[in-house]
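Student: Before I ask anything, let me first share the structure, which is written out below as structure tokens.
Numbering (the numbering used here), first residue to last: 3 to 46.
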């Protein structure tokens, strides 16, 4: 478990969410060419 108590856990959780989001975006781009607006619209 990360050091830093509750703050460390929150930071770890934040990093996991960013990583998952990045993988989702890369998967969308892999499927077809997309503009930034298209990607934002998908997540709304």
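Cβ coordinates follow ideal geometry from the N, Cα and C atoms, glycine included.
Note that this is a predicted model, so its numbers are computed, not measured.
(1) To the nearest angstrom, how far is the alpha carbon of residue 27 from that of residue 21?
(2) DSSP on residue 37, reduced to helix/strand/coil?
(3) Which of the three DSSP states is assigned to residue 17 in this structure?
Tutor: On the basis of the supplied data:
(1) Numbered from 1 along the chain shown, position 25 holds the residue referred to as residue 27. Numbered from 1 along the chain shown, position 19 holds the residue referred to as residue 21. Using only the alpha carbons, I get a separation of about 10 Å.
(2) Residue 37 sits at position 35 when you count from the first residue of the chain shown. For residue 37, the secondary structure class from DSSP, reduced to helix, strand or coil, is coil.
(3) Start at 1 with the first residue of the chain shown, and residue 17 comes out as number 15. Of the three classes helix, strand and coil, the one that applies to residue 17 here is helix, per DSSP.
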